[in-house]
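Reviewing the structure listed below.
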Amino acid sequence: MKKQDEAILLFFFHRRNIMIKYCEICGKKFNSNSYSRIYCFECSGDSSRLDNTSRKHQKTILRRSMKLQAVKLLGGKCSICGYNRCIDALEFHHKDHSVKEFKLGSGNTMSWKEYKAEALKCILVCSNCHKEIHNKIGYIS
Ligand SMILES: [Zn+2]
Ligand SMILES: [Zn+2]
Ligand SMILES: [Zn+2]
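Residues in the sequence shown are numbered from 1360 upward in steps of one, following the working numbering.
Now the structure itself:
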């Protein structure tokens, strides 16, 4: 076998384990050799070398990516006053007042599907308007 052919074979051998996937969150194409990876590296961070700090950091990246995408889905601005300057000041207000609101900034990591399903039941408001809403309708705890 010629050296060149060998190189080509080797190339295909390595390529075989690489899958082209579409990120469930942002829809971008990415390569992965892991069957379980459903989010791109940009959305979920690189999980290849994880100590505790980067694991924590990775969750933060994932949550932020999910929030960013959910915010886009809901129009990208406060549906009451139009505020859109800082994503951290944008919150999700559940349309069904009897449902306990899911806290997107904290708690356990949901899958994007769950997150998206929840977000779609909400309206996007800034934290000021959100407080005003709850001042009128009351808080559910
Ligand atoms: Zn992505
Ligand atoms: Zn507002
Ligand atoms: Zn609310």
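Glycine included, each C-beta is placed from N, C-alpha and C at the ideal position.
Under 7 angstroms between the Cβ atoms of residue i and residue j?
i, j, result
"K1454", "K1480", "yes"
"S1438", "L1483", "yes"
"L1449", "C1488", "no"
"C1399", "F1389", "yes"
"C1434", "Q1417", "Position check: residue 1434 holds Gly in this sequence, whereas Cys was assumed. It is not a contact, given that the beta carbons lie outside the stated cut-off."
Is residue i helix, strand or coil by DSSP?
i, result
"N1390", "strand"
"Y1474", "helix"
"C1485", "strand"
"M1505", "An answer regarding residue 1505 cannot be provided, because it is not within the stretch 1360 to 1500 covered by the chain."
"K1480", "coil"
"I1492", "helix"
"C1402", "helix"
"R1396", "coil"
"K1362", "helix"
"I1420", "helix"
Say the cut is 6 angstroms; is the CB of residue i nearer than that to a heavy atom of ligand 3?
i, result
"E1383", "no"
"E1473", "no"
Would you say residue i touches ligand 2, meaning its beta carbon is less than 6 angstroms from a heavy atom?
i, result
"I1482", "no"
"C1485", "yes"
On the DSSP letters alone, give me the boundaries of the beta strand (DSSP E) that residue i sits inside.
i, result
"K1380", "M1378 to Y1381"
Need the endpoints of the alpha helix (DSSP H) that residue i sits in, please.
i, result
"L1433", "That residue, L1433, is in no alpha helix (DSSP H); it is neither H nor E in DSSP."
Return yes when the C-beta of residue i is under 6 angstroms from any heavy atom of ligand 1, and no when it is not.
i, result
"K1388", "no"
Scan the stretch 1436-1462 and note each continuous beta strand (DSSP E) run of 3 residues or more that stays entirely inside, going in chain order. 1449-1453
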